[in-house]
Structure formats: structure tokens, C-alpha cells
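One structure below.
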Ligand code: N01
């Protein structure tokens, strides 16, 4: 080691020290700060953005809303919070969710614990005492007993490598990095590339403004009308009077919201019952259409019934049958990519100034100063919107240089796919916890409740270590291996692996194709985590001071 290395090591040893560093100030990071502080642990949060909000700070594209009902997609840990805040719509806009997050941050005095404009660039384990040295792009260095990665599964935006993209002379905006002042497309010729949730929400709004809109679609997506509406004071009062029961159902559910599937399996229901159930769920709106019947995501025949109903609905609103053919997915079972929720998405393609281009039929060849060229023709454009998604689950963690035992790097360790135990711990990386990481239900559940559950588990684990005189906790390699097998076993019993989804890493060229989530259900997962803790953190090695 060079003398400079030694000098810097000793300087780092004198760096300020806290019990926990939390990376990210979205829902998860904010709750972690609140909970760890409440339990008397000194905690510092680093947030790359200038404000709180995480995904809801960045994703402010036109039409951005949550696809989980607002009354469920908010903190449950404090009845005072859920009683005091009043949501205005069934599905909250990005702006309203961000207002809510700011309100919580103020109410719980969280800002004082957060460094903003502070991107964590590395976290390095000191094996002698199982502590972490965390470096920030501001030059700050902090030592911590625990590092909690509340970095969010969908926070590394993906920009495809279209040749010539940087030569385009008009505006380019990624939905995940939308300008705060907004974008006015009035009188403009606009392209949207990508038809996932972000594209499907923004396309109808952009179409309202633009002179011409060209939508470049690679894979058509299933999208169900959101059925959004304003909440009346009676709606709000009914939810608030019944919040405890609503939350109880959510905690015991498959996805973290109080949905109950039809009592029969799809093919046990008569054709009339089936149709009525699909119609009722369709009218209620949103992603839960894929859970109308409990077997829809495991039984191909059941799934096909839902798909046929869906196809009929879409053909009913798209005027041109050739356009409808392009818009209706045929390459994956319904629900195996996250179902999108929309407001007038399909109707938008009936408008004369909106054109749909399948880049499967006519791929994008290049972008130049004036627009996009496909194998068929050139499109003159003033603006390009990239609704091209994320390097999900692992992308953000891979950007941080996380160095564990023996100098092993997390990004190398995960080269063939992420390895975690319960989505919470990683072998070789003691005292580092993930919130909503790969191997947890994460995005398959209500992310707010999921974050609360993870943070509570982590805080309990730290309490257990302190109470019993341990300095560290580390996932056992065998437990990680077995958990991966378990996650794969459960995924393979469903239809999910049949889709080239971001759940599978399939949207990122070169990313290993593995199903990155625990699909056994939110309540089942929480029970497993509880059992592991109750058994003295079975599958984790508890470390004594050496
Ligand atoms: O990203 P996506 P997203 N050439 O990956 C296409 C959550 N979310 O930001 O499907 C051409 O779904 C890509 O095509 P393909 C939610 O969990 C929630 O929309 O890979 N096209 C796809 O059409 C969601 O699932 C909400 O073939 C290219 C699109 O870009 C997740 O975030 C709102 C391409 C990307 O879709 C991600 O959603 C928004 C290329 N080279 C997001 N590369 C709500 O709560 C990619 N594409 C409602």
C-alpha cells in the first residue's frame, strides 16, 4: 500500500461516525431515518437530488400518476399521518405525491437528517470491525456501523444507444428526468419512444398539445383504464373511518393493497360469472385486472380468458383494425409485464395527428439533427421523448462502488444476476441492508408498505444485535443460494418468466435473464421474514467483536 493510501486511510478513520447511513430520501429512506432516529440510532441520509421524494422527485413527465390507489400508497405507520392527509383523487398525480412526501418530511422534521445534492459514490467495508466507509461526491466521508441502500428499484434511467442521438438539434427529454419547469409541446412535432407505463401515461397528454405525435413502439403493452376520479369527502371519510381494517387487509394481501380475488378459479366460474368478474374489475380500473381471479398468473388457460376479454375491450375503442392489431400484445401472457394503467391511451390513436410506428417492423436506424430515420422513412421532429425505462433493481446499486469482504465488489458478485437473502442481505457484505432489493417482492407490492416492512425488519435486527452484544450480521452464502432457488422455483410456477420484461432484466442489452423478485406474495414473504427473525436470524451469521 502506498504512503498516500495509509494517510488517506487514517484520515478516513477520523471521519465522522454514525450508526447508520441511509442512501436515498424517497419513501424508504425517509421512513428509515424516522424509525432509526426514533430508536435512538444516529442516522445520516444522503440524497443525490436537491429535495426529498426519490422516484417522485424525478419522474414528473406529463400525466405521471401512481397506479396504486392514493389512500393505500402512503405511510401506514402513523395513524395521525393517515388521518390528517387528504388525497384528492383515486390515483394521485406525481405532484400530489411529492407534496405529501414533503409534508411528511416537514412534520417529522426529517430534513435535518439529510444531506441533499449528495450522491454516494462508494461504500467500503472495513473487515476489522464490520463498519463501512461511505464516500459522497461532495467529498464527504462518513463511517457507519450499518449502510442501508434505500436507492429504489427504478432509479437508473435507461437511454438506448440510438446512433446519432446526440446530434439531434431539437429537445430530448427522458421521462425519468423531466425538466421542473415543464415542457410545452404546443405546435411541435414530437416523437415518444417507448410504450411502458411512463409512455402510456404521457402519450395522451402530449397528444393534446403537439401538432404531430409519432409513437415508436417496440413491444405493445397491456393497459387497463385507470378509472381515475376525484375522491368525494364521503369517500375520504369512509376510508379514514375504516383505515385500520383496510391496512390489515393490505398487510395480509398478495400485493400490499386490500384486493380480494374472485372466490372461484377462472375456469370454475361459469362463462357469465367470468365475464361479470372481468367487467367489474375492468370498471374498477387499474393493474389489479391481472388479479381478477387468483389463478390468472399461473394458469395459461385462465390467463387466456383474461386476454380475450381484454382484446375485445381494446378493439372496441380503436377505430382502425390494423392499428388495433399493432397495439394488442401477442408475445406475452397478460400481466407478465406490469400492466399499465391509462386515461384514454388507446383512444389517442384514433386522432388524426397521432401515428403509431412499430419498430419491430421498421426499426429505428439512426437519429440525426432533424429527426428519426427508420428502415422505412425519415420523421422530421422538434422533440424526442425517451420513455425507455430503467436498468431496474440492480442498475443504481451497480453505479455505487460497493466493496465488501476481501475487496469483492457487489457489481462483480452480481454479474450473473443479483444474489440476496430475502432481498435484505448479501453474503460478503455484512451490515449492509437493501430496502426493496432484488429477491424481495418489491415492485410486485405496494412500495410504501414494502419499505415500512423492510425498515422495521432492519431496525429490529439492529436492535437484536445491540441487545445481544453482536457487532454485525451477514447473510450466509448457503442461505443466499437457497433463497435464489426458492425465488426461481416460485417464479417458474407462474407465467412471468415467459415475458421479456424488466422483471427479467430483458430490457437491458447484455443483462442476465433472471427473474429478480420474490413472487410468492407480500404476506407470505412477510411471514418468512418474521420467522427468520424469530429464529434468531436464521440464515444470517451474527458477528462478535474480534
Ligand atoms: O419503463 P418500461 P417505464 N427501442 O421499461 C421501450 C413503474 N412505473 O418507465 O417493452 C425502442 O416499462 C420498451 O420496449 P420493450 C412501473 O413499475 C409506474 O414505462 O422493452 N423501444 C418499453 O416499451 C413500470 O413498469 C408508473 O420492448 C425501447 C419502454 O421503452 C416501471 O416503472 C408509471 C428501447 C420502456 O418501458 C417502468 O416503466 C411509470 C429501444 N431501444 C412507471 N428500449 C405508475 O405508477 C426500451 N424501449 C403508473
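Numbering (the numbering used here), first residue to last: 3 to 548.
Idealized CB from N, CA, C, for every residue including glycine.
Since this is a predicted model, take the numbers as computed values, not measurements.
Item to check | Reduced DSSP category for residue 454 - H, G, I as helix; E, B as strand; rest coil | outcome: As a first step, residue 454 must be located in the chain shown, where it is residue number 452. Three-state DSSP puts residue 454 in a helix.
Item to check | Cα-Cα separation, residue 356 to residue 350 | outcome: One-based indexing of the chain shown puts residue 356 at position 354. One-based indexing of the chain shown puts residue 350 at position 348. Their Cα atoms are separated by approximately 7 Å.
Next on the checklist: Restricting to Cα atoms, I'd like to know which of 501, 50 and 451 is closest to residue 254.
Outcome noted: In the chain shown, the residue the question calls residue 254 occupies position 252. Residue 254 has its Cα closest to that of 451, out of 501, 50 and 451.
Checklist entry - Between residue 325 and the rest of its own chain, which residues show a CB-CB distance below 7 Å, the 5 nearest in sequence each way excluded? => result Stepping through the chain shown from its first residue, residue 325 is reached at position 323. 351 and 358.
Item to check | Same chain, Cβ closer than 7 Å to residue 190, neighbours up to 5 away in sequence not counted | outcome: Reading the chain shown from its first residue, position 188 is the one you call residue 190. So the qualifying residues of the chain are 212, 213, 384 and 385.
Item to check | residue 285 in three-state terms, based on DSSP | outcome: In the chain shown, counting from the first residue as 1, residue 285 sits at position 283. Residue state, collapsed to three classes: helix.
Checklist entry - How big is the Cα-Cα spacing for residue 369 and residue 510? => result Position 367 of the chain shown, counted from the first residue, corresponds to residue 369. Position 508 of the chain shown, counted from the first residue, corresponds to residue 510. The straight-line gap from Cα to Cα measures roughly 20 Å.
Checklist entry - Which residue's Cα is closest to the Cα of residue 257: 547, 528 and 198? => result As a first step, residue 257 must be located in the chain shown, where it is residue number 255. Of 547, 528 and 198, the residue nearest in Cα terms is 528.
Next on the checklist: At the level of alpha carbons, what is the spacing between residue 504 and residue 419?
Outcome noted: Counting from 1 along the chain shown, the entry for residue 504 is found at position 502. Counting from 1 along the chain shown, the entry for residue 419 is found at position 417. Computed Cα separation, rounded: 13 Å.
Checklist entry - Roughly how many angstroms separate the alpha carbons of residue 131 and residue 515, rounded to a whole number? => result Residue mapping note: residue 131 aligns to position 129 of the chain shown, counting from 1. Residue mapping note: residue 515 aligns to position 513 of the chain shown, counting from 1. Taking the CA atoms as reference points, residue 131 sits about 36 Å from residue 515.
Checklist entry - Within the present structure, is the beta-carbon of residue 230 separated from the nearest heavy atom of the ligand N01 by less than 7 Å? => result As a working mapping, residue 230 is identified with position 228 in the chain shown. No.
Checklist entry - Once you ignore the five residues that flank residue 229 on each side, which residues in its own chain have a CB closer than 8 Å to its CB? => result Stepping through the chain shown from its first residue, residue 229 is reached at position 227. Taking C-beta separations shorter than 8 Å and ignoring five residues to either side along the sequence, the partners of residue 229 in its chain run 92, 285, 286, 287 and 288, following chain order.
Checklist entry - Is residue 497 near residue 302, with beta carbons less than 8 Å apart? => result Position 495 of the chain shown, counted from the first residue, corresponds to residue 497. Position 300 of the chain shown, counted from the first residue, corresponds to residue 302. Taking 8 Å as the Cβ cut-off, residue 497 and residue 302 qualify as a contacting pair.
Item to check | Counted within 10 angstroms of its Cβ, other Cβ atoms place residue 333 as buried (16 or more) or exposed | outcome: Along the chain shown, one-based indexing puts residue 333 at 331. So residue 333 counts as exposed.
Item to check | Endpoints, alpha helix (DSSP H) assigned at residue 29 | outcome: Taking the chain shown and counting its residues from 1, the one referred to as residue 29 is at position 27. That run of the alpha helix (DSSP H) goes 29–40.
Next on the checklist: DSSP three-state label for residue 269, please.
Outcome noted: Taking the first residue of the chain shown as position 1, residue 269 is located at position 267. Of the three classes helix, strand and coil, the one that applies to residue 269 here is helix, per DSSP.
Next on the checklist: Is residue 411 a contact residue of the ligand N01, with contact defined as CB to any heavy atom under 7 Å?
Outcome noted: Here residue 411 refers to the residue found at position 409 of the chain shown. No.
Next on the checklist: Let me confirm a value: residue 406 is counted as buried when at least 16 other C-beta atoms fall within 10 Å, else exposed. Which label applies?
Outcome noted: Sequence index remark: in the chain shown, residue 406 carries index 404 (1-based). Classification for residue 406: buried.
Checklist entry - Which first and last residues belong to the alpha helix (DSSP H) in which residue 388 is found? => result To locate residue 388, count along the chain shown from 1; it is residue 386. That residue, residue 388, is in no alpha helix (DSSP H); its beta strand (DSSP E) goes 385–388.
Checklist entry - If you draw a straight line from the alpha carbon of residue 247 to that of residue 82, how long is it in whole angstroms? => result Counting from 1 along the chain shown, the entry for residue 247 is found at position 245. Counting from 1 along the chain shown, the entry for residue 82 is found at position 80. Between residue 247 and residue 82, the C-alpha separation is close to 16 Å.
Item to check | Alpha-carbon to alpha-carbon, residue 210 and residue 24 | outcome: Numbered from its first residue, the chain shown carries residue 24 at position 22. Numbered from its first residue, the chain shown carries residue 210 at position 208. The alpha-carbon atoms of residue 24 and residue 210 are separated by roughly 41 Å.
Checklist entry - Tell me which same chain residues have a C-beta within less than 8 Å of the C-beta of residue 61, skipping the five on either side of it? => result Taking the chain shown and counting its residues from 1, one reaches residue 61 at position 59. Counting only Cβ-Cβ distances below 8 Å, and skipping sequence neighbours, we find 96, 177, 178, 180 and 200.
Item to check | Nearest candidate by alpha-carbon position, reference residue 309, set 239, 319, 117 and 292 | outcome: As a first step, residue 309 must be located in the chain shown, where it is residue number 307. For the residues 239, 319, 117 and 292, the minimum Cα distance to residue 309 belongs to 292.
Item to check | Per-residue DSSP class, three states only, for residue 531 | outcome: Residue 531 sits at position 529 when you count from the first residue of the chain shown. In the structure shown, residue 531 sits in a helix (DSSP, three-state: H, G or I).
Next on the checklist: Taking 7 Å as the cut-off, is the beta-carbon of residue 509 closer than that to any non-hydrogen atom of the ligand N01?
Outcome noted: To locate residue 509, count along the chain shown from 1; it is residue 507. Yes, the ligand N01 has a heavy atom inside 7 Å of this Cβ.
Checklist entry - DSSP on residue 17, reduced to helix/strand/coil? => result Against the chain shown, residue 17 aligns to sequence position 15. Three-state DSSP puts residue 17 in coil, outside helix and strand.
Item to check | For residue 144, the three-state DSSP class (helix, strand or coil) | outcome: Within the chain shown, residue 144 is the residue found at index 142, counting from 1. The DSSP-derived three-state label of residue 144 is strand.
Next on the checklist: Between the alpha carbons of residue 110 and residue 408, how many angstroms are there, rounded?
Outcome noted: In the chain shown, residue 110 corresponds to position 108, counting from 1. In the chain shown, residue 408 corresponds to position 406, counting from 1. Roughly 40 Å between the two C-alpha positions.
Next on the checklist: Measuring alpha carbon to alpha carbon, tell me which residue in 182, 437 and 395 is nearest residue 64.
Outcome noted: Here residue 64 is taken as the residue at index 62 of the chain shown, counted from 1. Cα-wise, what sits closest to residue 64 is 182.
Checklist entry - Hey, is residue 531 close to the ligand N01, as in C-beta under 7 Å from one of its heavy atoms? => result If you number the chain shown from 1, residue 531 lands on position 529. No.
Checklist entry - On the three-pair Cβ rule with 8 Å, is the region 463–477 touching the region 431–441? => result yes
Checklist entry - Roughly how many whole angstroms lie between the Cα atoms of residue 340 and residue 67? => result Indexing the chain shown from 1 puts residue 340 at position 338. Indexing the chain shown from 1 puts residue 67 at position 65. For residue 340 and residue 67, the distance between alpha carbons rounds to 15 Å.
Item to check | Span separating the alpha-carbon of residue 69 from that of residue 197 | outcome: Indexing the chain shown from 1 puts residue 69 at position 67. Indexing the chain shown from 1 puts residue 197 at position 195. Rounded to the nearest angstrom, the two C-alpha atoms are 16 Å apart.
Next on the checklist: Cutting at 7 Å between CB atoms, please list the residues of its own chain near residue 507, excluding the five before and the five after it.
Outcome noted: Position 505 of the chain shown, counted from the start, is the residue given in the question as residue 507. Only 513, 514, 515, 516 and 518 meet the Cβ criterion.
Next on the checklist: Please report the straight-line C-alpha distance between residue 541 and residue 424, rounded to a whole angstrom.
Outcome noted: The residue given as residue 541 occupies position 539 in the chain shown. The residue given as residue 424 occupies position 422 in the chain shown. Distance between the alpha carbons of residue 541 and residue 424: 10 Å.
Checklist entry - Is there contact here, the region 140–156 with the region 17–36, by at least three beta-carbon pairs under 8 Å? => result Because the criterion of three Cβ pairs below 8 Å is met, the region 140–156 and the region 17–36 touch.
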